[in-house]
Ligand code: C2E
Ligand code: CA
Ligand code: CA
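In structure tokens:
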């Protein structure tokens, strides 16, 4: 056998490796032919003759098991080596489900070999067992359920008032998705939104969200006036989708909604998505849509980006609001956020205001806009439309 760095030449009848050997590389045949066979006692059971361009020896690299068969050259053969690192790097960077399917296939092949040899290796069952309980399949099940949910119209939009705390007046709302499973009942977006955002389903679900919100908007406007603003959450995947702005504009024409009445809520993560996100943001504001940064201060905020972005609102996350009375450091952070927003010409919306004390601290810091259970939870449109435009809330004692 002669060896250059990655290329090996083996002469006819050379055994390259034997069944049971440890496997540290796979091979691609550059020229010549090899026989893959199983040794059953003194008998050779041929499995496959393979030739130029084909790969062998990859199974051991993928599932880290000993060689399941032996290989012998049936003519002088030139091979190119694929090392474990070369293959494993690529394998590990592939989709989890693809990895799992590969392991299942390996497991089936090895089971077939065991059957041929009348041996049993319980290790080979592991990939199949793993498959039935694996997250990757759980995700596929959830994806199928979410697709069904979309087709069966199991999603609903709820709306939570956004309030001017000084006047106790509803000035807008945030649209929040709910999934009404026929058996489990209402499922909170916390249980499925991350998954949705990481799958291609976010696009059709996102289109349904926008269609529903725009359709509902005019009912809000009739009840609460033409300055009413509806905030709609937009995931990164939706935001950078090529048709995002075109679809949005079509909806404004179809439902006769003015862009100034729609606020797009995006997280810092979306904003940080470089030039593309910035370009879309700019185009959205050019068309007249409002932009709000959601969960501000909870992710990787880049102040440099923030100063360049056409943002109208910063939303202070509930994790800050809920500690505003008890933690002086949090209070200091909130004060700085409010100061910075003002200096940058942005408005602040405090999220998750649950108590009158939180409201009063926010008001004393000159943050006037809020949403939270102090006023109202997210509710279906028919309940929202029954709300008075002014809440009757007293100051905390
Ligand atoms: P978010 O955008 O930060 O929405 C605010 C969340 O805080 C909502 O949870 C709302 O119901 C909740 N909340 C409001 N006030 C209070 C309060 O006083 N106390 C407490 N404990 N919670 C309050 P929800 O509706 O469960 O939504 C969770 C997250 O799911 C949202 O967080 C948002 O990231 C995502 N989400 C919801 N609807 C949509 C949607 O239509 N599209 C997208 N892309 N994401 C959505
Ligand atoms: Ca939001
Ligand atoms: Ca938020």
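In my numbering, the protein residues as written are 38 to 434.
For each residue, glycine too, the CB sits at the ideal point set by N, CA and C.
The stretch 380 to 432 contains, as complete alpha helix (DSSP H) runs of 4+ residues, the segments 393 to 401 and 418 to 421 (chain order). No heavy atom of ligand 2 is found nearer than 7 Å to the CB of residue 362.
Taking a contact as a CB-CB distance under 8 Å, the pair residue 68 and residue 115 counts as one, their CB atoms being some 5 Å apart. Remark: the C-beta of residue 331 is in contact range of ligand 3, defined as less than 7 Å to any heavy atom. In this structure, the CA atom of residue 215 is about 6 Å from the CA atom of residue 224. By the Cβ neighbour-count rule, residue 64 is buried, with 16 or more other Cβ atoms within 10 Å of its own. Looking at 205, 176 and 218, the one whose alpha-carbon comes closest to that of residue 186 is 218. Judged by pairs of C-beta atoms under 8 Å, the stretch 78 to 86 does not touch the stretch 136 to 143, as fewer than three such pairs exist. Of all alpha-carbon atoms in 287, 324, 294 and 333, the one lying nearest the alpha-carbon of residue 308 is that of 333.
Within the chosen limit of 7 Å, ligand 3 reaches the beta carbon of residue 352 through at least one heavy atom.
Under DSSP, residue 292 takes part in no beta bridge, so it has no partner. Boundaries of the beta strand (DSSP E) around residue 331: 327 to 333.
Under a 10 Å Cβ-count criterion, residue 300 is classified as buried, with 16 or more other Cβ atoms of the shown protein chains found around its own Cβ. The residue from 131, 133, 183 and 88 with its alpha-carbon nearest to that of residue 117 is 88. In the three-state reduction of the DSSP assignment, residue 117 falls in the strand class.
Looking from the CA of residue 271, the closest CA among 379, 297 and 302 belongs to 302. Under the 10 Å beta carbon count, residue 207 is surrounded by 16 or more other beta carbons and is classified as buried.
Just so you know, the alpha carbons of residue 375 and residue 404 end up roughly 7 Å apart. Leaving aside the five residues that flank residue 49 on each side, the residues in its chain whose CB is nearer than 6 Å to its CB run, in chain order, 110, 112 and 113. One Cα belongs to residue 415, the other to residue 99, and the distance between them is close to 49 Å. At least one heavy atom of ligand 2 lies less than 7 Å from the C-beta of residue 270.
Of the candidates 44, 399, 248 and 74, 248 places its Cα closest to the Cα of residue 293. With respect to residue 210, residue 421 sits close: the two C-beta atoms are nearer than 8 Å. Residue 198 counts as buried, since at least 16 other C-beta atoms from the protein chains shown sit within 10 angstroms of its C-beta. The Cβ atoms of residue 269 and residue 212 lie closer than 8 Å to each other.
Taking 8 Å as the cut-off, the beta carbon of residue 274 is found closer than this to the beta carbon of residue 240.
For residue 305, the Cβ stays outside the 7 Å cut-off from all heavy atoms of ligand 3. Rounded to whole angstroms, the separation of the alpha carbons of residue 353 and residue 134 is 37 Å. The shortest CA-to-CA distance from residue 423 to any of 201, 383, 230 and 256 is the one to 256.
In this structure, the beta-carbon distance from residue 61 to residue 121 falls below 8 Å. By the criterion of a C-beta distance shorter than 6 Å, residue 338 is surrounded in its chain by 305, once the five residues flanking it on both sides are discounted. When DSSP states are grouped into helix, strand and coil, residue 89 belongs to the coil group.
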